[in-house]
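Working notes, structure below.
Numbering (my numbering), first residue to last: -11 to 175.
Listed below in structure tokens is the structure:
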């Protein structure tokens, strides 16, 4: 992404975070299903190439939620936004947005990719039934990094929801799942 594109998205994320904090609707023009899928598939391939254990998790997952790019930015007031697709059985089953807002010590901007894998049918069902699923509130996402993924204990993990963050670019150190809200995009 170009610096201008990142700056534009950072500004949009900051404005969106104010709306999230106030409960106001966020006016957004969602990308088309085709556009989201066209970016999600290469992002998933990048994850598998960078972290081979992710492919092993994916083989067991009941559903895989892919966000090819999430932009997070802030100056005191911060926010993040991205759009992605939920794959069930290898096929798209819904399109989602993700967003978060924060007030406090926030300075910088970054973009990253995120993949969440629902390892149980129950976790996937709860996610799909929600009107807005918030990580850390409606369900915990166990973050799997490359080092942890290489350990045998992690491969045997029985966690219902695991997540991967990768491809970070920018000057902000936080790409966590906590506080991120996932909402189905109405078509």
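Where a beta carbon is used, it is the ideal one built from N, C-alpha and C, also for glycine.
{"query": "Residue environment, residue 169, which counts as buried when at least 16 other CB atoms sit within 10 Å", "result": "buried"}
{"query": "C-alpha distance - residue 69 paired with residue 33, whole-angstrom precision", "result": "22 Å"}
{"query": "Uninterrupted alpha helix (DSSP H) stretches inside the stretch 37 to 104 (no shorter than 4 residues)", "result": "40 to 48"}
{"query": "Alpha-carbon to alpha-carbon, residue 35 and residue 130", "result": "16 Å"}
{"query": "Where residue 114 falls: helix, strand or coil (DSSP)", "result": "helix"}
{"query": "Limits of the unbroken beta strand (DSSP E) element including residue 156", "result": "149 to 158"}
{"query": "Three-state secondary structure assigned by DSSP to residue 131", "result": "strand"}
{"query": "heavy atom of the ligand GDP below 7 Å from residue 108 C-beta", "result": "Summarising the ligand content, the structure contains no ligands, and the ligand GDP is consequently not present."}
{"query": "Rounded distance between the beta-carbons of residue 101 and residue 56, thought under 8 Å", "result": "6 Å"}
{"query": "Reference residue 127, options 85, 165, 96 and 49, closest by Cα", "result": "165"}
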